[in-house]
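One structure is given below, encoded as structure tokens.
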Amino acid sequence: MVGFIAKKFVWNFKTALITGLILSIVAPLIGTPIGVWVYGGLTGTVSDVFVLWLKNSGASIFTASFIPKIFNNFWDKTGTCLLVYALIKALPRQYKPSSYLKTIKQ
Numbered sequence: 168m169v170g171f172i173a174k175k176f177v178w179n180f181k182t183a184l185i186t187g188l189i190l191s192i193v194a195p196l197i198g199t200p201i202g203v204w205v206y207g208g209l210t211g212t213v214s215d216v217f218v219l220w221l222k223n224s225g226a227s228i229f230t231a232s233f234i235p236k237i238f239n240n241f242w243d244k245t246g247t248c249l250l251v252y253a254l255i256k257a258l259p260r261q262y263k264p265s266s267y268l269k270t271i272k273q
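According to this note's numbering, the sequence shown holds residues 168 to 273 in order.
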């Protein structure tokens, strides 16, 4: 998904941020059903405290598992996309492909 976005759009700060936000929702949509089916919604991380709290508050197991994953993925995916943007921007021009140089805003 990230490769498609990077190839289709100009990879700049805004694109990296929006890509991270999209991934922070798409990744839990894919991973939550798997986590619920395989592990019963618990993954052995600190976010399990929130999963149990939400579950005990009346949320479905999917919702209780999905919401903490969004917050975790927000920092993870957005941070990673912004880090990649910063690394690509910091690369010397000689190491960037000519096709890339035509599309990126320096």
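For glycine and all other residues, C-beta sits at the position ideal for the given N, C-alpha and C. Predicted, not measured: the structure shown is a model, and the values here were computed from it.
Leaving out five residues on either side along the sequence, give the residues of the same chain with a beta carbon under 6 Å from the beta carbon of residue i.
i, result
"F241", "S191"
"D143", "As shown, the chain starts at 168 and ends at 273. That puts residue 143 outside it, with no answer to give."
Are the beta-carbon atoms of residue i and residue j separated by less than 9 Å?
i, j, result
"C248", "V169", "yes"
"I255", "W178", "yes"
"T230", "G187", "no"
"S232", "T182", "no"
"F180", "Y252", "yes"
What span of residues does the alpha helix (DSSP H) with residue i cover, start to end?
i, result
"A194", "F180 to Y206"
"K175", "V169 to K175"
Tell me which same chain residues have a C-beta within less than 8 Å of the C-beta of residue i, skipping the five on either side of it?
i, result
"I234", "F217, L221 and A226"
"D243", "S191"
"P195", "F233, K236, I237 and N240"
Specify the secondary structure class of residue i as computed by DSSP and reduced to three states.
i, result
"S224", "coil"
"P264", "coil"
"T212", "coil"
"P259", "coil"
Tell me which same chain residues have a C-beta within less than 7 Å of the C-beta of residue i, skipping the five on either side of it?
i, result
"G202", "G208, T210 and S232"
"F176", "T182"
Counting pairs of beta carbons, one from the stretch 198-216 and one from the stretch 251-263, are three or more of them closer than 8 Å? In short, these stretches do not touch, since the Cβ pair count stays below three.
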